[in-house]
Every structure is written in structure tokens, then in C-alpha cells.
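Going down the list, the sequences are from chains A and B.
Positions in the first sequence are counted from 1; adding 14 to them yields this note's numbering.
Positions in the second sequence are counted from 1; adding 2 to them yields this note's numbering.
Don't be surprised by glycine CBs; every beta carbon is placed ideally from N, CA and C.
Every value quoted in this text rests on a predicted model; they were computed, and no experiment measured them.
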Amino acid sequence: MMQFRLEKRREPSKVMLYATPVAAVVLTMIVGAIIFSAIGYDGVGAVREIFLTPLTNAFKWQDLGVKAAPLIIVGVGLSIAYRANVWNIGAEGQYIMGGLAATWVALATHGMGGWWTLPVMMLAGVAGGAAYAAIPALLRTRLNVNEILTSLMLTYASVQLIYYLVRAPWKDPMGMGFPQTRRFASEALLPNILPGTIVHAGVPIAVIVALVAWFIMSRSVFGYQMRVVGAAPHAARYGGFSENKTIWLALLVSGALAGLAGMLEVAGPFQRMVPGFPTNYGFTAIIVAFLGRLNPLGVIFAGIVMAITFVGGEVAQTTIGLSSSATGVFQAMMLFFLLAGDILVRYRLKRVAPQGEARA
Amino acid sequence: MTLNRRNLLKAGVAAAALPLLGSRAFAQSEPLKVGFMLIGTVNDNGWNFGHATGAKFMKDTLGDLVAEPTIVENVPEGPDCERVLRELAQSGHKLIFATSFGYGDYVIKVAEQFPDVRFEHATGYQRSDNVATYNARFHEGRAVCGTIAGHMSKTGKAGYIGSFPIPEVVMGINAFVLAARKVNPDFTITPVYISTWNDPAKEADTARAMIDQGIDVIAQHTDGPAALQVAEERGIVGGFGQGADMSAFAPKAQLTSIIDHWGPHYVNAAQAVIDGTWETGDRWPGLKEGEVQIGPYGESVPADVVAAAEAVKNGQIDGSFNIFTGPINDHTGAEKVPAGVIMTDAELLSMDWYVEGVIPPA
């Protein structure tokens, strides 16, 4: 019998770094097909509908773009923060605050907007997200409160703020009492960039954000600071990089991008603020950031993969009657395999002679 | 079948012939594909279960005229539902039921892109040439539940777990307390809105908080049996099933239930599409038509209370009793409906005020 042992690599393997996300996706498809077949579903069909149909059916591409855009924008921000070992878990809250800030601009300028409305909404969204992320930054740098807890808990507070605003001060006068704002005026709605589809301006913006972030992270002092503080905090301190400054930057940048995504969602697909605005993009983007290897370019692909599972999950429901929970199972499996596979980046499997044979 | 060249060839020929077969089959009479979009899961044993049961009723009744109904679960009220609607329309569904209030904007939007597909939006108010709305007069059932609560509550205080303060929900709260106050003039009801249709944890937490405040009857306008389970566990007077009979979850606490029987409506709508007679409009049947039904009464409900509840039920069926008959005061005590006047459907469908006895939420 063969036996294996984990052996630490001298340096993390470059090959494994990029191979494990791909392997995670492939393994998810294989294991998913086996599991769903074993419990009596059409497992191969499920994998086909969830992972392939969204790609092969041209009607679905627009959906992928629209679903992936916010995931990519939020995921890019998170990947920058996580690089610096700053664990912003509250992107969902920052996304909500960005959406609310943009909504405020849209409602305040209703009926008197112009070409400037969208840019101002965008600034408000970015500012709203960044401001909300500033709270955990302040608590962390001044009082040394763990940002994982504060950013996560602030998310729930922001959800309640939506409920409050759409029920009373911002309620649509024509909404039959339903808690939602009025529909935004046309100047406050994102333009559609491909006629006949639902692809809005947020889709190219997402790609541009990822490219710019990649350039900054790999080519600028800011990017170097983020990476070095995350990888080697002691060395960074010797090098003169302030830890507090890094925490501030990481939270503000990730919060600003989450806020931008919130603005694009409310001005794009939603067209008004509703209680259903929080759709877990902020949490899903955590998976996206890791699946993308905390690299802005990788995040583009990871965002698309996650969008495929969402869109495909619905296809599987309509075509083969697979329960909606299946999508969650596939997404969770993907993250599980990715994290499990990560061990291969730092360790390698080494074949060792079995003890019995060695003695003989 | 082993994979060799000959078999591959056979498969290839068969695949090439498939489109021919397909178009021939379509030319005959293709069963109508009907899609259902749900906000929760079909096993919530409440609202969504009711719609899924209706879908099955439709299939059982119409047989080969309709294809196996397509049910898409857990669709949020937002842009995601627009995608699901398009997916259903593009995959050949010619009749699509959207069964939650918040789908409204998106149903109208997608319906514009698919003029040959009929859409029906449950509990909504926006219609177009190919978008109809339908609902059930749940408030008639609420009046029955309120009568029971008025008789049985010891504290005279009921709680009402609501989703959003939309007219449909407000109407139900008002019908409940109006009926209860006919029995016990001091009866009060405290609504709490939890901003979701289906969140068992939140529903249960709300129910616990209500019980801690001396409330001994709980009604809910959310989708599942969570509040009833808490009522059972805490041993209060009881609660009511909503959308379906929930006695399996609370055999002692469920006093009765309001059962939504969507099946006949789904049969009629599908038949109309098949016959080419489908028209837009708003359909709002209730107890009389059997779309709203009252489930079995719980063991703890005494015979005289059952009789009182049945009287309210039968009065609404034969038209001799309408819970929204004046005099009705609002929660501040100001008269809103003069004595003898019955509120119109239009007034009910835009109801945004509480009757006397409701302790309005902050």
C-alpha cells in the first residue's frame, strides 16, 4: 500500500495557486453530479443546467453580466482588503449604504435632474459605502476592536435603516402603502448599453474597476503596501508602512467599491429602493474574492462563475425541477473544495514507504 | 450501450432527426406549459405550499391539456425575479403565475417583451393587456378567526405578525379585530411587521416577544407555521393556520386555519388560455367561491364558539354578513364608515388605516 505525507513547500506553489480554483470548480461539478445522482436526481443534468446552459444559451449572457457585475465590484474591493489582512465581512452593509446614499440623491433631485444626476449618485454611493466602512476602521485603529465583528454587525443595522426609510420618510406616495420608494426619474436610471437586452452601464464599469484595481495593486506603492502589510506585517513596519493607515485604506477602498456596487444596483436593475434590496451580494463576494485568489483579474472570472451558478440554478429549476437549495449546495461545495485545495499551495503530497515495508 | 463508432453514428442520426420529430409533435396539440414563481419553498406548509397544491390540482384536473407545471422557488422580489420570468417565457411557458406582491414591476416589464404570454400576478394591482391580477378575500377568513379569538382570548390581547403594511395585510388585521370586538369590545390587537414573507426565525422571535407581553392569541400574515409552533410550545390559547392547515405543527394551538384553495382559479385560467378566451382583469373570490376555506376547528374550541365562527362564515357565504359594515371607527376613535354603510372593494384595496382596537406599530 502507498502512503502519503504532507510536506511543507519551500515557497507557495505558483501552479497550485492557479490550479486549485479551477480544480475546485471541476471537482464541484463531478462530486455534485455523483451526489445528486445518488439521492435520486438527474445529477449530470443538474450539473449541465447549472454550469453549462448559462454559457451555451446566448439569451443568458446578459443575465450573467448583470449578475456578475456587482459581485465583481464588491469582490475586487474585498480582495484588496483581504490582501492586507483586513477582514471586512460587512461589504453587504456598505453596499446597502451606498445604495441608500444614491437613492437619497435620486429622490432629492426627482424632477429636476440632469446629466449630472448619475455622476452625483455615483459619488454619493462611493461616499456612503466608504463612510460606513470607516466605522469599523475607526474602532479597529482607535480601540482595537475586531473589524470582523463590527463590520458584520453593522450590516444588520443598515438593513433596518432601509426598512425604516422605505416605510416612512421615503415611501412611494403611489405605492398602495407598499414600503418602497418611488421609481427613479429617467435621469437617475443607468443607461442600457446594449439595446434589446438588460445590460446596463454597470457591467463595463465592473470590468474597468477590476482592471484599474489590478493595475494599482501590481504597479503602485499603494498596492505594494497592501500586499506587504498583509504578507509580512513586521517587515512592513520596518519598511515604514503604518499599520493603521493600511487598515484605513483597506476598509475605505473596499467600502467605497461596495457602495459603488450598491449605487449601480439601485440605479440599474432595481430602479427604486425596496426592502428586498439586500440580496447578499456583499456576502457572496467574499467567496468571489477567494475564488479569484484575491487578484482583481481573477475576481472577474470568479464573479462570472458565481453568476453562472445563480443563473444556472434557476434554469435547473425550470427545466429539470431541481430545488433551489441545490444552487446553495453547489456554491458551498465550490468554496469547500477551494479552501481544502489551498493546502496544496503551501504543502505537497509526498509518497512515503509504508511503515510495515520499511521494517521488513 | 458501448461507445463505438457505429453507436456514435446511430446517435448522430437520431439527434439529427430530433428537430423533425419536434416540429411534427408541436404541430399537433402541444400541452400548455404553465409556470409558477414562488417567493419561498413549496414545503413551507403555508402560502407557497398552497400555490403548489393549486398547481397540482390544475394538472390533475386538466390532465394532458397541460404539461407538468414548472415551479420556481425562492425567487426574491427584485431583479432576480425578472430573470426568472424571462426564463419561463423564453422556455415556452404561455401562462405564468407570479405569486408575490413585490413581483409587480417586473411582471409588467417582462410582459411587455412577451405579448403572446399571459401573466397573472397574485395580490398585485398593476395590470396590462397580458397581465391580470388575482387574489382571495382572506379577510373573510380573518373575520372567522377574529370571532374565535374574541371568545377564547383570556387577556383580550392578540398579536398579528405581518410582512409589510400593504392594504391586503392591513385589511386582514382590521377584519380580525372588528370581528373580535363584536364579542369582546375591549379586544386589542398589536401588529408587528417583520419586512419579509418567510423567515421562520424572525416569526418565532416575534411570537415569543408577543407572548412575553401578555398576548395569548397570535395570527400571522407570513408564510409558514413558525409562530404557531411557538404558540404550541408556550401553551397559549392559540393561533391560526394561514394559507394551509398547519395542525400537524401545532395540534393543540391551531384553533382553525384559513386555507387558500387556488386550484380552481388555476384550472380556469389555464383552460381560458387553451380555449383562447383568456382576458386580463382582476379576480377576487372568497369564501363563497371556495377559494378561501376554513379548516377544521381545534379540539380546544368549545361548541358554542364553533357555532359562532360557523355563523360568521356562513353569513359571508350567503352574503348576509360583511365584516366591513359601518359604523367603523379608526384607531383614534374617529368615525370612518357611517352606520349601515358597507365599504366598497376599491376602498378595501387601498386601505391604509387601522380600525379601533388596533395598537398601531410605531
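For the options B:225, B:317, B:71, B:299, the alpha carbon positioned closest to that of residue 171 of chain B is the one of B:225.
By the C-beta density criterion, residue 53 of chain A is exposed, having fewer than 16 other C-beta atoms within 10 angstroms. In this structure the segment 115 to 135 of chain A does not lie against the segment 240 to 255 of chain A, because fewer than three pairs of beta carbons, one per stretch, are closer than 8 Å.
Around the beta carbon of residue 315 of chain A, 16 or more other beta carbons sit within 10 angstroms, so the residue counts as buried. Among the residues of the segment 46 to 72 of chain B, those with a Cβ less than 9 Å away from any Cβ of chain A are 70, 72, in the order of the chain.
In the DSSP assignment, residue 108 of chain A falls outside any beta strand (DSSP E) and within the unbroken alpha helix (DSSP H) covering 105 to 122. Taking 8 Å as the threshold, the shortest C-beta distance from residue 176 of chain B to chain A does not fall below it. Cβ-Cβ distances below 6 Å link residue 249 of chain B to 256 in the same chain, with the five nearest sequence neighbours on each side left out; the list follows chain order. In the assembly as shown, residue 46 of chain B is a buried residue. Its beta-carbon has 16 or more other beta-carbons within 10 Å.
Counting only residues of its own chain and dropping the five nearest sequence neighbours on each side, residue 353 of chain B has a CB closer than 6 Å to the CB of 169, 172, 173. In this structure, the straight-line span from the alpha carbon of residue 73 of chain B to that of residue 62 of chain B is close to 15 Å. For residue 313 of chain A, the CB contacts under 7 Å within the same chain, skipping 5 residues up- and downstream, are 86, 89, 90, 93, 224, 302, 303, 306 in chain order.
Taking 8 Å as the upper bound for CB-CB distance, residue 193 of chain B and residue 164 of chain B are in contact here, some 5 Å apart. Taken through DSSP and simplified to helix, strand or coil, residue 259 of chain B comes out as strand.
DSSP places residue 337 of chain B inside the beta strand (DSSP E), whose first and last residues are 337 to 339. For residue 194 of chain A, the three-state secondary structure derived from DSSP is coil.
Interface annotation, residue 74 of chain B: in contact with chain A, CB-CB separation under 8 Å. A distance below 8 Å between beta-carbons, with the five flanking residues on each side excluded, links residue 62 of chain A to no residue of its chain. Annotation: the continuous alpha helix (DSSP H) that includes residue 140 of chain B extends over 140 to 154. Beta-bridge partners assigned by DSSP to residue 122 of chain B: B:99, B:134. At least one CB of chain B lies nearer than 8 Å to the CB of residue 333 of chain A. Inter-residue distance for residue 194 of chain A and residue 166 of chain B is about 10 Å (C-alpha atoms, whole angstroms). Unbroken alpha helix (DSSP H) runs of no fewer than 4 residues, entirely contained in the segment 201 to 269 of chain B, are found at 202 to 214, 228 to 236, following chain order.
For residue 226 of chain A, the nearest beta carbon of chain B is not closer than 8 Å to its own beta carbon. Residue 120 of chain B and residue 214 of chain A have their C-alpha atoms spaced approximately 27 Å apart.
Residue nearest to residue 340 of chain A within the set A:349, A:229, A:30, A:326 is A:326 (criterion: CA-CA distance).
For residue 22 of chain A, the uninterrupted beta strand (DSSP E) segment begins and ends at 17 to 22.
Residue 365 of chain A carries a strand assignment under DSSP once its states are collapsed to helix, strand and coil. Annotated three-state conformation of residue 83 of chain A is helix, per DSSP.
Taking CB atoms only, residue 356 of chain A has no neighbour in chain B less than 8 Å away.
Residue 195 of chain B and residue 333 of chain A have their alpha carbons spaced roughly 36 Å apart. What residue 89 of chain B touches in chain A, judged by beta-carbon distance under 7 Å, is 328, 329, 332, going in chain order. In the structure shown, the three-state DSSP call for residue 330 of chain B is strand. Counting of Cβ neighbours within 10 angstroms places residue 238 of chain B among the buried residues, the total reaching 16 or more.
What residue 46 of chain A touches in chain B, judged by beta-carbon distance under 7 Å, is nothing: the nearest beta carbon there is about 19 Å away. Residue contact check for residue 112 of chain B against chain A: no CB pair falls below 8 Å.
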